[in-house]
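Numbering (our numbering), first residue to last: 1 to 96.
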């Protein structure tokens, strides 16, 4: 699978920002069928950094109700990628 299809988007939240500063860990939304090895290779290919560890979490879609209609959002997968020691952190917004 192509790296751009594996890594969908970075997750920029308060928790992700704290993890990035404290332990050099970056969060991404990834394809549900991707495994840890594919995620590590995709991050290395896209950003040119060494990956030390990858952790994944499957997020189930929430049930929502709009009036009389009930539906469920799609589930998604989150990846916590810890960069190797000495690696420069990935900057998503440069010059903003």
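Glycine included, C-beta positions come from ideal geometry on N, C-alpha and C. For clarity, every value in this text was computed on a predicted model and none was experimentally measured.
Mapping DSSP to helix, strand and coil, what is residue i?
i          : result
residue 83 : strand
residue 90 : coil
residue 29 : strand
residue 73 : coil
Among the options, which residue has its Cα nearest to the Cα of residue i?
i          : options           : result
residue 91 : 63, 32, 16 and 34 : 16
residue 75 : 89, 60 and 5      : 60
residue 39 : 14, 56, 65 and 64 : 56
residue 58 : 42, 35, 67 and 87 : 35
residue 51 : 24, 12 and 77     : 24
Where do the ends of the beta strand (DSSP E) carrying residue i lie?
i          : result
residue 57 : 51-59
residue 64 : 63-66
Ends of the alpha helix (DSSP H) at residue i?
i          : result
residue 15 : 14-23
residue 36 : 36-47
Would you please state the rounded distance, in angstroms, between the beta carbons of residue i and residue j? I believe it to be under 8 Å.
i          : j          : result
residue 79 : residue 30 : 5 Å
What number of angstroms, rounded off, separates the C-alpha of residue i from the C-alpha of residue j?
i          : j          : result
residue 89 : residue 4  : 19 Å
residue 47 : residue 65 : 39 Å
residue 14 : residue 21 : 11 Å
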